[in-house]
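**Student:** Those letters in the sequence shown? Residues 680 to 851, per the numbering used here, in order. First the structure, which I've put down as structure tokens, then a few questions once you've had a look.
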Amino acid sequence: MSYNIQGWRKLFLFSLGLFAGTAFCMKWMEKDFLFQGQLFTIIGLEISYSGDRMVEILSGISPAVRQILGYHLYFDFAFMAGVYPGIASLCMMARGKSPTPWIRRVLLLLAFAQGIAWVCDIVENMYLLSWIRHPESVSQLTTYHAVVLLKWVLALSGALFAIPLAIRKGKY
């Protein structure tokens with residue numbers, strides 16, 4: 680294994696640890712996301728809840744739930760520091776194993792795209808943090824959902840393209 684791939688592997692392992700630790704903390708908090716006795720989800724806030732439903736939830740949650748939701752979003756910033764560099768390093772490890780020029784270019788592009796996905800995730804959290812403080816200001820849902828969709832497409836594309844190539848032994 681070349682020195683370059685070893686460096687990417689070290690970054691990947693560090694990122695994986697950060698990802699796992701923060702994911703555990705965030706999952707632990709989610710049991711407290713209650714609105715009118717029912718659980719609501721971060722994924723729902725990201726993707727599936729309508730603007731009216733978001734206003735209803737964010738206006739109706741207790742101060743304690745609002746605080747936990749804020750903590751969850753702050754933990755998400757640390758989570759991001761594990762996820763996106765981890766996916767980028769996975770792309771670079773897969774790139775190092777591929778002799779095919781076009782695959783190498785795609786993997787490099789997907790590695791760089793993780794920076795865009797990271798920015799999208801930051802923007803998403805900034806929207807949510809603002810809306811938690813001022814639920815009546817929930818707006819620009821088209822822009823918000825476009826940012827969330829772009830984040831998911833870039834992150835999943837990078838991970839799903841790189842994983843099968845990165846786990847292969849040697850070059851193919």
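Glycine residues also receive a C-beta, built at the ideal position from the N, C-alpha and C atoms. Since the structure is predicted, the reported quantities are computational estimates derived from the model, not experimental observations.
I'd like the ranges of any alpha helix (DSSP H) spanning at least 4 consecutive residues and lying wholly in the segment 687 to 755.
**Tutor:** Counting only runs of 4 or more, we get 730 to 739.
**Student:** Can you tell me the Cα-Cα spacing of residue 701 and residue 722, whole angstroms?
**Tutor:** Counting from 1 along the sequence shown, the entry for residue 701 is found at position 22. Counting from 1 along the sequence shown, the entry for residue 722 is found at position 43. Looking at the two C-alpha atoms, the distance is approximately 16 Å.
**Student:** Are there 16 or more other CB atoms within 10 angstroms of the CB of residue 830, so buried, or fewer, so exposed?
**Tutor:** Taking the sequence shown and counting its residues from 1, the one referred to as residue 830 is at position 151. Residue 830 should be labelled buried.
**Student:** For residue 778, which three-state DSSP category applies?
**Tutor:** Here residue 778 refers to the residue found at position 99 of the sequence shown. Looking at residue 778 - three-state DSSP - the assignment turns out to be coil, as it is neither helix nor strand.
**Student:** Kindly confirm or deny that the segment 707 to 725 and the segment 790 to 801 touch, where touching means at least three C-beta pairs closer than 8 Å.
**Tutor:** no
**Student:** Just reading off the alpha helix (DSSP H) that residue 817 is part of, what are its end residues?
**Tutor:** For the purposes of this step, residue 817 is taken as the residue at position 138 of the sequence shown. Per DSSP, residue 817 belongs to no alpha helix (DSSP H) and is neither H nor E.
**Student:** Sorted by chain position, which residues of the same chain lie with C-beta nearer than 7 Å to residue 814's C-beta, five sequence neighbours on each side aside?
**Tutor:** The residue given as residue 814 occupies position 135 in the sequence shown. Closer than 7 Å at the Cβ level, and outside the excluded window around residue 814, lie 734, 737 and 738.
**Student:** Near residue 726, what residues of its chain come up, given a Cβ to Cβ distance below 7 Å and the 5 sequence neighbours on each side ignored?
**Tutor:** Residue mapping note: residue 726 aligns to position 47 of the sequence shown, counting from 1. Contacts found: 827.
**Student:** In whole angstroms, give me the CA-to-CA distance for residue 852 and residue 774.
**Tutor:** Residue 852 falls outside the range modelled here, since the chain spans only 680 to 851, and no answer is possible.
**Student:** In three-state DSSP terms, what is residue 783?
**Tutor:** What you label residue 783 is simply residue 104 of the sequence shown in a count that begins at 1. Helix.
**Student:** Measure the CB-CB distance between residue 852 and residue 845 and report whether it falls below 7 Å.
**Tutor:** As displayed, the chain neither begins before 680 nor continues past 851, which places residue 852 out of reach and without an answer.
**Student:** Can you tell me whether residue 810 is buried or exposed? The criterion is at least 16 other CB atoms within 10 Å of its CB, across all chains shown.
**Tutor:** Position 131 of the sequence shown, counted from the start, is the residue given in the question as residue 810. With 16 or more Cβ atoms within 10 Å of its Cβ, residue 810 is classed as buried.
**Student:** Helix or strand or just coil, what does DSSP make of residue 830?
**Tutor:** The residue given as residue 830 occupies position 151 in the sequence shown. In the structure shown, residue 830 sits in a helix (DSSP, three-state: H, G or I).
**Student:** With a CB to CB cut of under 6 Å and the five nearest residues on each side skipped, what residues in its chain are close to residue 802?
**Tutor:** On the sequence shown, residue 802 is found 123 positions in, with the first residue counted as 1. So the list reads 826, once near-sequence residues are dropped.
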